[in-house]
Amino acid sequence: MAKITINGTEVEAEAGRRLVEVIKEQGIRITNLCYIDGLEPYAGCRTCLVDIEGGRPTSIQLSCTAQVAEGMVVRTDTPEVKRARQGVMSLIMANHPDRCLTCHRRVHCQPGEICLRDDVVTHRCLTCSKNYRCELQTSTEMIDMGEYEEPWVGEVRSYYETPPPEPDRANPYLEFDPQMCIICTRCVRACADIRHTGAITLSGKGSSTAIAFGTGGPVHESNCDFCGACIDVCPTATLMEKPNKWVGLAEEWTNSTCNSCSVGCTISYGVANDRPVIVRPDRLNQFSRDQICVRGRFHYDAVAENQRLSRSLARRGERLLPVPADEALAEAARLLDGVRREHGGGAIAVLGSPLATNEEAYLLARIARDVLQTPHIDFSHGSIHRAVQGAIHDALGVDRLPSDLTSVETAETIVVLASDLEESHNVAALRIKDAVVKRGARLVVVSPRWGELVPFAAAWLQPSPGFEAAAVQALVRAIASDASQLGEPVVPRGVTASSLESAVEVVRAAAASDKGFAVVYAPNPVDAAAAGDQARACANLAIAARGQAAASSLHYLPTDANVLGISDMGVGPAANGMAFSQIIEAARDGRIKALLIHDDNPLLNGAGSDDIRAALEAAQLVVIDSVRSTTAELAEVVLAELPFFAKDGTITNADRRINRQRPAGVPRREERDGVALLTALANELGGNFAYADAAAVTAEAASKVAGYLPYEQVRSGRSRAVGAEATTQPRLQAIGAPAAPEGDGLRLVVARSLYTTWEGASMRSEEADKMHREEVATLNPRDAEAAGVRSGDAVVLTDGTHEVSVSVRLDDGVAPGTVYVPHYYDGGAVMSLLPLEGTAAASVTVAVRALQLA
Amino acid sequence: MPLETEATAEIRALVADLRPDDADMLEALHRVQHRYGYVSQEAMYVIADQLRVTPAHVYGVTTYYSDFRTTPPPEVTVAWCGGPACRLKNGAGIRDAMQAVLGIELGEDTADGRVGLVAGQCNGSCEQAPQVWVGERVVGRLTAARAVTLARALRDGADPASV
């Protein structure tokens, strides 16, 4: 630590730190328009000038490039410093509109007023979307231009003399308006150095310098992933969220958690007019910190407000009609009670959802157990999770992995098994890229498809679908001291000898070293048997490399947000209870008479859509949801619930951090949150639930479920619900050969994609895939040639009985002999091509033929 | 993963020996521009892949240097010399005459894609000032009248080698 003096006050600071950060930490207001905390200084804007005693050649120095040194004497407030800052600010403002700062009426004008003095509407302060939340505006006010001479105001400036460049409003997420740009290059550096995407660059030179995306075209044609890290750092209105751009001036901020995947990034909702209008990352989650992805930033807006359920519905003849909430609740209770009286509780099944909070899951499990007295409770992907959980238990002797995702960032070697981690768990992929780029970690990717992690990998194993576990097992075999427990060797089809050789070299080096080692596994929520084998192989790799400490090296990332939490809370079959696919079969056969479905949409999530539809049509459904999902359309009663962003509760992410969800915005209509609805429903059924709010549920759950905490003790992003130590020694597990798919068509690969959210896809909303990057099946060019189709053609994928129409994109990243379709395409249409979980091998082939237009 | 086509394979072969190191970027751009007359979007993707940088990085470098084009070149490019010797001998007048006849500014191409006008840097053949280069050939000792004749001939489709 070094002692320095800032404005006469002695301050202790770490020697070598960037002075500007220390000044800001002292609460001293200093302009710094191009500096990004934590990154190398760029020294472009020069607004952070300070006076450093004895500086050479002048004492006026940049505080972003200056590093703290013992005895430094710094002043931020001398007249010379002020004058120098005014000078640089006048140069910046010369090419930027200034009406928000100079119009004499700027504090009096109301939105919508017409300004008589200044009829050039585009220059007016009120027509800038960043007004009152603009860093440049604030910085100029801080510097106080006062009586500073031209050219900082007036018409004779380059901004007013050159035609403004065209804004890019072609994509649904990011609005790029270069006329507001001051070329601070924060976005360029955030995209390249924080996100490792590098979609933004400086183009041209001198006075024609401009920010450009990709190779100069529209943003959506570049490799931009719309994470919005550039929006966070942009000091002007150049890069803005397109949704709610003009109303995004938040009145208050609410700390909450994203529920789009199991990383559980903590976010802040900006609330205006009782609804969220903007999202910023919230640093509470130590793994996600200052980053989120396109889903976290924009999915609150994926379903338009007028498409959400605002009133409860009940079936009247053929149609679902709005009814008062109490009437719907009573009708739902009457229906369930009738089935319970006539056929017993065992004729009712309950489906929960990994999008729900722990509190809702706890209540749902209690309703199943105590009120309806049915053991049949599950969620669509329940068997996938239990297959992984079972494999981890067998191999490592724990039910809850103690591993902490932040250890991935410091690992020296990382092995990833996922379909495309970048798309399914974007921020986890980002932290892995961090480890590779910043710490030189070596990465092995095992995936049948190319993904954006692959260019960062030392080796990419591309097994044919179904051979992922075999590929990982081949790595285990190379380092395991005793390979006899691993079962018969299975040749990982598709994996080239050279890629396997490089991957083996990487894991051998890791096994020989005692530095950090991480195996990251994200199962594809389609095939439970495959997920079990893959989990066993991943656990084996951790055991072979780290022995006793294996459990701390294995990271299991479920697809959806709260899979771990709702499972902890008891959403899963009780003794003699049926699992999801058995529930579906029983409902289809009439053994299950009624289903209570909370937030789940089996028609979107479950494989075997035909069976599921038949089951949902045969049984009577009570659905609780915030959107009119395809399942809700089949219900007798639909209870309207508040959307996820208006919910109070906790969710448990992949490394078991307990994160708070807090309601952003207050309900303006009659819908209630899940906790209130479930409590009311339980009471209608005679349950005597006495929960006033989510906090009361949390308090009770904390006393019943190990590892959980009442509200007042939950520290979002830090509290973790980990379990007991392992009771048995780690044991290597054998895996079998994958079942060969029937038929000679193309092997179907289904996985989670980046842009589409569950909610949007759940109701087949046209808004669901706003980017339209994902509305395609991806084919290898060789297969496309054989099928006689070209990029952009509409095709039919068929297994003989079912058909899915989709357009085609050719891509070398998909292995020959396979076709990839995003899970959420057309509301999960592709799930009709897969068999109901557990009834047949989930490996299917499909024929591709060009769509014949009638 | 970008799709490999015949066109990208050809570009890839052109830069195949270059290694991921920024020092090779200009070499790659020169090779591509020399072969195709400009650096296409496709070429930027291939170069980015070869040198392990992002396409945006390649685009940034390409647009920094005025010598690199990002659009297909015109059939004939006239480079106007802006060196001091040419300027002393009415270089500005030559430029104005050609701009007026062709109806374009420096750095632009005619609408039919036939003639393009660019600013050239002095090549030392100042004994022939004032001059332009048609393609790589020096056309020197110009007068405004000769510049008008030259521009008209090129505009109307004359063989660049014969003017």
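Listed in order, the protein sequences are those of chains A and B.
Heads up: the first sequence runs through residues 326 to 1179, numbered per this note's numbering.
Heads up: the second sequence runs through residues 3 to 165, numbered per this note's numbering.
Glycine included, every Cβ here is placed at the ideal spot set by N, Cα and C.
Being a predicted model, the structure only gives us computed values, none of them experimental.
For A/Lys758, none of the residues of chain B pass the 9 Å Cβ criterion, the least Cβ distance being about 13 Å. Within the region 530-557 of chain A, the residues whose Cβ lies closer than 8 Å to any Cβ of chain B are, in chain order, Lys530, Ala537, Phe538, Gly539, Thr540, Gly541, Gly542, Ser547 and Asn548.
Within the region 73-97 of chain B, no residue places its CB atom closer than 8 Å to a CB of chain A. Each residue's CA atom was taken as its position, placing A/Tyr846 and A/Glu737 some 17 Å apart.
A/Asp950 has A/Ala965 as its beta-bridge partners, per DSSP. In this structure, the alpha-carbon of A/Ser728 lies about 46 Å from that of A/Asp1118. Along the region 1136-1169 of chain A, going in chain order, the ones with a CB nearer than 7 Å to a CB of chain B are Asp1136, Asp1137 and Gly1138. DSSP places A/Phe905 in the uninterrupted alpha helix (DSSP H) bounded by Phe905 to Asp914. Under the DSSP assignment, A/Ile508 falls outside any beta strand (DSSP E); it carries neither an H nor an E label.
Within the region 745-823 of chain A, the runs of beta strand (DSSP E) at least 3 residues long that lie entirely inside it are, in chain order, 767-771 and 784-786. Proximity of B/Ala58 to chain A, defined by a Cβ-Cβ separation below 9 Å, is satisfied. A/Tyr1036 and A/Glu777 have their alpha carbons spaced roughly 38 Å apart. Put simply, the CB of A/Ala1065 is far from chain B, with every gap to its CB atoms at 9 Å or more.
Each of A/Met565, A/Ile891 and A/Gln632 was checked against the Cα of A/Pro968, and the nearest Cα belongs to A/Gln632.
Bridge partners of A/Val1120 according to DSSP: A/Val1131 and A/Ala1175. For the C-beta of A/Ser528, the chain B residues within less than 7 Å are, from N- to C-terminus, Tyr61, Gly62 and Thr65. Taking 9 Å as the threshold, the shortest C-beta distance from B/Gln43 to chain A falls below it. The C-alpha of A/Asn584 lies about 6 Å from the C-alpha of A/Leu680. Each residue's CA atom was taken as its position, placing A/Pro490 and A/Ala537 some 12 Å apart. For A/Ala855, the closest C-alpha among the options A/Thr1123, A/Ala1065 and A/Ala1027 is that of A/Ala1065. Between the region 931-941 of chain A and the region 1155-1172 of chain A, the count of C-beta pairs closer than 8 Å reaches three or more; the two stretches touch. By the Cβ test, the region 792-809 of chain A is not in contact with the region 1099-1107 of chain A, since fewer than three Cβ pairs between them sit closer than 8 Å. The beta carbon of A/Asp998 sits closer than 6 Å to the beta carbons of Leu967 and Lys972 from its chain, once the five residues preceding and following it are set aside; these are given in chain order. For A/Met414, there is no enclosing beta strand (DSSP E); the enclosing alpha helix (DSSP H) covers residues Pro404 to Met418.
Looking at A/Asn456, A/Glu1099, A/Arg482 and A/Ala657, the one whose alpha-carbon comes closest to that of A/Ala575 is A/Asn456. Residue environment for A/Asp557: buried (at least 16 other C-beta atoms within 10 angstroms of its C-beta).
For A/Trp775, the closest Cβ of chain B is nearer than 9 Å. Listed along chain B, no residue sits closer than 7 Å to A/Pro601 by beta-carbon distance, the nearest being about 31 Å off. A/Pro1106 has a beta carbon lying within less than 9 Å of a beta carbon in chain B.
Closer than 9 Å to the CB of B/Pro4 there is at least one CB belonging to chain A. A/His624 carries a helical assignment under DSSP once its states are collapsed to helix, strand and coil. The beta carbon of A/Thr522 falls within 9 Å of a beta carbon belonging to chain B, placing the residue at that interface. Comparing alpha-carbon positions, the option among A/Glu1084, A/Val1146, A/Cys552 and A/Ile739 lying closest to A/Ala629 turns out to be A/Glu1084. The beta carbon of A/Ala693 lies closer than 7 Å to those of Val675, Thr699 and Ile702 in the same chain, with the five residues before and after it left out. Looking at the DSSP output, A/Thr334 bridges to A/Ile331. Within the region 626-698 of chain A, the complete alpha helix (DSSP H) runs of at least 4 residues fall at 650-668 and 683-691.
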